[in-house]
Amino acid sequence: MQPPDHDSAPADGAADLIKDTTTQDFVADVIDASHEVLVLVDFWAPWCGPCKQLTPVLEAAVRAGKGALRLVKLNIDEYPAIPGQLGVQSIPMVYAFKAGKPVDRFSGALPDSQVKDFIARHLEPVDAPQAQAEFEAAEAAFKAGDIGTAAQLFAQILQDDPANSRAIAGLAKCYIRSGDLDRAEQTLALASSDGKTASEIDAAKAELELAHKADNAGDIDELRVKVENKPNDFQARCDLAIALNASGDRDGAAAQLLEIVAKDRRWNDGAAKAQLLQFFEAWGNDDPATAAGRQKLSLLLFS
682 MQPPDHDSAP ADGAADLIKD TTTQDFVADV IDASHEVLVL VDFWAPWCGP CKQLTPVLEA
742 AVRAGKGALR LVKLNIDEYP AIPGQLGVQS IPMVYAFKAG KPVDRFSGAL PDSQVKDFIA
802 RHLEPVDAPQ AQAEFEAAEA AFKAGDIGTA AQLFAQILQD DPANSRAIAG LAKCYIRSGD
862 LDRAEQTLAL ASSDGKTASE IDAAKAELEL AHKADNAGDI DELRVKVENK PNDFQARCDL
922 AIALNASGDR DGAAAQLLEI VAKDRRWNDG AAKAQLLQFF EAWGNDDPAT AAGRQKLSLL
982 LFS
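The sequence shown begins at 682 in our numbering and counts up one residue at a time.
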């Protein structure tokens, strides 16, 4: 049996649950709607075979949800702006949006059981009250710079729930912040490798890779001098961005990469844009530097 096409109209009165969207309608169809229900966004293209395999699985799961979630499909060939902002580099890619923000994603044509598990994870409360309090305490300690306390709290959570991706990512970030990159990598290896993707794990992995890059980037002051003397030395500017990020200057790091994109977006096969997207992933969607950087990147790429 031929799987239904993305362009076919949903049957059985499911028009409100399953719909196609555009760049212009994305805010209403996804951001605003996700304040009411879980919204899955399916990034696809007509030439993508696995996308056609995933479509009926997603649609069946949404219909089975009886209004608890919606599916919004976006053709990346016709509307590249949003996938560009989110860093979508392969399809099919499915994002889960809740309360106006992307909270998780997966890639590839997952089987029905894994799609259902992905959805179930986000239809249920994220954490029980006690677990939520433990996370809040751990994350507050981390933000305050008390890395030892944060690490201890994340480790305690993992004793009760060894597969908890949020705690794994939190503990890994503690090791990264303390400079113990080997233990950070060992901690991230505890995360599930069954094809599911947790945004917290992705962010921690991106942060770990950035930490390794920072070791080889060079001294900030020396890199500043290089860039001032040779503004079009894009490699030095990229290294400066990595060093600035490691020092905590996220806005400054983004500015250096945006300058490269503005002058030559194709430099080194788009390395500046790729590095900027890695920053966004490591910083997380809630970070103001991510929001500001995405907006400026979109203006450069799609204006």
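The beta carbon of each residue, even a glycine, is placed where N, CA and C say it ideally should be.
Predicted model only: the values in this text are computed from it and were never measured.
Asked: For G730 and V708, the rounded distance between their alpha carbons; Found: 28 Å
Asked: F835 beta carbon less than 8 Å from that of L993; Found: Residue 993 cannot be examined here, being either before or after the span of the chain that is shown, 682 to 984.
Asked: Per DSSP, cross-strand counterpart(s) of I699; Found: L752
Asked: Pair within 8 Å by beta-carbon distance, S979 and G765; Found: yes
Asked: Spatially closest choice to E717 from A884, D967, A780 and N966, by CA coordinates; Found: A780
Asked: Alpha carbon of G965 to alpha carbon of Q867, nearest angstrom; Found: 22 Å
Asked: Nearest-angstrom beta carbon gap, A762 and T830 [assumed within contact, 8 Å]; Found: The Cβ separation is near 42 Å, so there is no contact.
Asked: Entirely enclosed beta strand (DSSP E) segments - the region 924-961, minimum 3 residues; Found: none
Asked: Start-end ranges of the alpha helix (DSSP H) lying completely within the region 759-817, minimum 4 residues; Found: 762-767 and 793-804
Asked: Residue interval of the beta strand (DSSP E) (run including V722); Found: L719 to W725
Asked: Residue interval of the alpha helix (DSSP H) (run including S979); Found: P969 to F983
Asked: Inter-residue Cα distance where the pair is L939 and P912; Found: 13 Å
Asked: Three-state class that DSSP yields for A887 in the structure shown; Found: helix
Asked: N913 in three-state terms, based on DSSP; Found: coil
Asked: Distance, E962 Cα to Q976 Cα; Found: 15 Å
Asked: Beta carbon of F724 nearer than 8 Å to that of L755; Found: yes
Asked: Close Cβ partners of E881 (< 7 Å) along its chain, the five nearest in sequence each way excluded; Found: S846, R847 and A850
Asked: Assigned secondary structure, D841 (DSSP; H/G/I helix, E/B strand, else coil); Found: helix
Asked: Of the residues W728, A943, A741 and E903, the one placed nearest K797, counting alpha carbons only; Found: A741
Asked: Closest Cα partner of L982 within the set L957, P969, D967 and D968; Found: L957
Asked: Simplified DSSP state of G876, which is helix, strand or coil; Found: Bear in mind that the predicted position of G876 carries a pLDDT of just 45, short of 50, making it unreliable; the figure below should be weighed with that in mind. Coil.
Asked: Pick from A927, V908 and Q916 that is closest to L889, judged by C-alpha positions; Found: A927
Asked: Collapsed DSSP secondary structure at T704 in the structure displayed; Found: coil
Asked: Cβ-based burial, D902 [other Cβ within 10 Å; buried from 16]; Found: exposed
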